[in-house]
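Residues 6 to 170 in my numbering are what the sequence shown spells out, letter by letter.
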Amino acid sequence: MKNIFLIGFMGTGKSTVARYLNKKFAMEIIEMDELIVKREGKSIPDIFAERGEEYFRDLETKLLTEIQKMENVVVSCGGGAALREENVQIMKQSGHIVLLAARPETILERVKRDDSRPLLKGRKNVKEIGALMESRREKYEAAADLIICVDGKSAEQIGKEILRK
Ligand code: S3P
Numbered sequence: 006m007k008n009i010f011l012i013g014f015m016g017t018g019k020s021t022v023a024r025y026l027n028k029k030f031a032m033e034i035i036e037m038d039e040l041i042v043k044r045e046g047k048s049i050p051d052i053f054a055e056r057g058e059e060y061f062r063d064l065e066t067k068l069l070t071e072i073q074k075m076e077n078v079v080v081s082c083g084g085g086a087a088l089r090e091e092n093v094q095i096m097k098q099s100g101h102i103v104l105l106a107a108r109p110e111t112i113l114e115r116v117k118r119d120d121s122r123p124l125l126k127g128r129k130n131v132k133e134i135g136a137l138m139e140s141r142r143e144k145y146e147a148a149a150d151l152i153i154c155v156d157g158k159s160a161e162q163i164g165k166e167i168l169r170k
């Protein structure tokens, strides 16, 4: 079976949906952010602060190249992973790309008490989240084989919708 790559903005529930698919359908799970943090021995804010965003983006590309050789894996991608065309091509070669989409209000609700995302620092309001989301929308949608709107849905509903479609 092919892999499933969950892409989308921060806070759309990629990790939660991946865990659901992992439990219910025995798909192996890869949480990109978590694996990068483990390998680097540093938090994401520390990687961004000490090495810069580009370094982090290169780690994402390297990790996706490794995942490309795997099968039956559900991958919870970092929110920026699908913004690089090279990464999208790597994902397409080994699986289906599913975009989780949400309203900025939903995102704000989910990220407001979380400080692990450097790109949202000082931007935790609907206007700025909406603007960042809008600046990424074209690339996200172009990458996606399937788009699922997650507003008001549980991980179970989303997981079932992905498998049905
Ligand atoms: C990022 C999303 C984060 C993490 C990093 C950058 C982004 O992952 O990779 O903070 O550029 O959207 P999540 O989408 O899992 O929060």
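The beta carbon of each residue, even a glycine, is placed where N, CA and C say it ideally should be.
Contact with chain C by residue i, beta-carbon distance below 8 Å
{"i": "residue 52", "result": "Note that chain C does not occur in the displayed structure, where there is just one protein chain."}
Pair within 8 Å by beta-carbon distance, residue i and residue j
{"i": "residue 12", "j": "residue 102", "result": "yes"}
{"i": "residue 193", "j": "residue 88", "result": "The question about residue 193 has no answer, for the chain in this structure spans 6 to 170."}
{"i": "residue 93", "j": "residue 27", "result": "no"}
{"i": "residue 121", "j": "residue 81", "result": "no"}
{"i": "residue 35", "j": "residue 72", "result": "yes"}
{"i": "residue 25", "j": "residue 160", "result": "yes"}
{"i": "residue 64", "j": "residue 86", "result": "no"}
{"i": "residue 37", "j": "residue 116", "result": "no"}
{"i": "residue 53", "j": "residue 123", "result": "yes"}
{"i": "residue 146", "j": "residue 152", "result": "yes"}
{"i": "residue 7", "j": "residue 99", "result": "yes"}
Those residues which DSSP pairs with residue i across a bridge
{"i": "residue 8", "result": "100"}
{"i": "residue 151", "result": "103"}
{"i": "residue 146", "result": "DSSP, once it has assigned bridges, lists no residue as partnering residue 146."}
{"i": "residue 33", "result": "78"}
Coarse secondary structure for residue i, derived from DSSP in three states
{"i": "residue 121", "result": "coil"}
{"i": "residue 158", "result": "coil"}
{"i": "residue 15", "result": "coil"}
{"i": "residue 128", "result": "coil"}
{"i": "residue 170", "result": "coil"}
Task: Runs of beta strand (DSSP E) lying entirely within the region 37-118, each at least 3 residues, in chain order - done: 78-81 and 100-106
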